[in-house]
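Below is one structure, written out as structure tokens; comments come after it.
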């Protein structure tokens, strides 16, 4: 501001100098303003006038120069102020843009604020729910901990009890069966059956192994563990199906095994000679060698002694004469060989000899009217007895008309098809009763003669495709059986045949592994009597009733049996 004041002072001085009064008289003696002119003054000295004028000009020039300098300086200051103003304006514009950007950001933030507020509300709700779940989970964890503690205690108690039993394992099965019998000229039969088996077995020591098996079934039928659903809801029988121990001594390098009790078959056989449900009793020994050869892989020798009827002797109290009583038993053995024919074929060749000593007691126990009354109906499997029999003068069964010594040859062939689910297994069993004969005793006190008996052979041919090892496995097959009348003892072989002997039989089977431990099985047995005249009582009644028919009257020559179709629908659960 001082510069402004100075500029103003210079400008005032300049104006004063320029506006000095100059008086001019008018014609009428007045000034220009119309006033009356003053009286005339005496005229100044010319030199003084010149000095005054020079002084006035210098002052004016000085003032003008000062004014020019001030204007120039002011112009520079105005230019600087303009530049500063422009810079300030640019800053204000930049600040305005920044404020606008912040405004947009604030609007966007405000727009986002509402869902964020909503999310915060939802999170608060979820947090509340999580807290409730946490409390529930905590309570559940406490309960689980208690259950785990109780389970651990129960497990320790159970393990303690199991340790008392030794290293034993449990297994078994349940089977439910629907079984219709269909035959022309005979009333159709339908029945339901159940089977239950429970096994307990394990190592008693490093060398001893044993176990027991409980099974349903009639106690007088050794070839079936089925119980028919009948009997007015009475309880079903359960018995000891097996009770055994076996010894495998280490000093014999595991080549030998000895067994005792009621056990599974220690030799290889088929249902042609002994039913799958029968478990023999006695003792056995097995000697086994594995051979390191590309073709011949091993050999096993088996020997067994199986008593089936024990008799006590007696001594007369008056004479002292001792009456010996001979026990009845089976003595036998088998040679088993194993062969490998290429990468995919395994062959087994097995030959067994099975001798029945005093087999007549079996015939009496298999009869309702035996010579020894105490033996009546002690065997009820495969009734009626289709073997040739001897009878005494009162018509009681004395025994068999034949003797029995089996020469049983079995070949097994296993084929690996390259598909794990589809192996092929073929079995052929040919049995010859080498002691077959026809002792004649029909209603006499003693035999009256003997004849050659050609009814001595039997064979079983079976082929199976597939397996039953895993879920959805399938197995199907076909079996053909032909048994002559005295080829085997009818009381002990396959119980599902049309009859035990004197039979022609076909079987078709289809099995499906529904679950890992549940299977659905179907089988149809189609069989007939080979010689109907030898068992005329088994021919359908409708056929025998035809007057004048071949089956109506003796000698029944040309009489034939109708095929009996026996179907089995099974549901089996294994554990």
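Residue numbers (the numbering used here): 9 to 583. The C-beta atom is built at its ideal place from N, Cα and C for all residues, glycine as well. Treat the numbers as computed from the prediction; the structure is a model and nothing was measured.
- The beta carbons of residue 411 and residue 443 sit closer together than 8 Å.
- For a cut-off of 8 Å, the C-beta gap from residue 543 to residue 512 is around 13 Å, too long to register as a contact.
- Counted as a single uninterrupted DSSP element, the alpha helix (DSSP H) harbouring residue 372 occupies residues 368 to 373.
- Annotation for residue 389: no alpha helix (DSSP H) segment contains it, and DSSP assigns it neither H nor E.
- The beta carbon of residue 470 sits closer than 6 Å to those of 435 and 487, all from its chain and outside the five residues before and after it, given in chain order.
- With a 10 Å radius around the Cβ and a threshold of 16 neighbouring Cβ atoms, residue 439 comes out buried.
- Nearest Cα to residue 490 within the set 499, 506, 500 and 433: 506.
- By the C-beta criterion, the segment 374 to 385 is judged not to be in contact with the segment 342 to 354, since fewer than 3 inter-stretch pairs fall below 8 Å.
- Apart from sequence neighbours up to five positions away, the residues of its chain that approach residue 425 with a beta-carbon distance below 7 Å are 431 and 432, ordered along the chain.
- In summary, residue 566 is exposed, with fewer than 16 beta-carbon neighbours lying within 10 Å of its beta-carbon over all protein chains present.
- Residue pairing by DSSP places residue 334 in no beta bridge whatsoever.
- Remark: C-beta atoms of residue 497 and residue 560 do not approach each other more closely than 8 Å.
- If you draw a straight line from the Cα of residue 562 to the Cα of residue 391, it is about 23 Å long.
- For residue 228, the number of other beta carbons within 10 angstroms of its own is below 16, and it is reported as exposed.
- Each residue's CA atom was taken as its position, placing residue 281 and residue 275 some 12 Å apart.
- Counting only residues of its own chain and dropping the five nearest sequence neighbours on each side, residue 403 has a CB closer than 8 Å to the CB of 377 and 451.
- Here residue 157 carries a helix assignment [DSSP, helix/strand/coil].
- At least 8 Å separates the beta-carbon of residue 200 from that of residue 225.
- Counted as a single uninterrupted DSSP element, the alpha helix (DSSP H) harbouring residue 549 occupies residues 549 to 552.
- Non-local C-beta neighbours of residue 186 in its own chain, meaning closer than 6 Å and more than five positions away in sequence, comprise 200 and 577, ordered along the chain.
- Taking all protein chains in view, the Cβ of residue 569 is crowded by 16 or more other Cβ atoms within 10 Å, so the residue is classified as buried.
- Contact annotation: residue 493 and residue 510 have beta-carbon atoms nearer than 8 Å.
- In the pairwise beta carbon analysis, the segment 291 to 306 is classified as not touching the segment 523 to 541: fewer than three pairs are separated by under 8 Å.
- Residue 194 carries a coil assignment under DSSP once its states are collapsed to helix, strand and coil.
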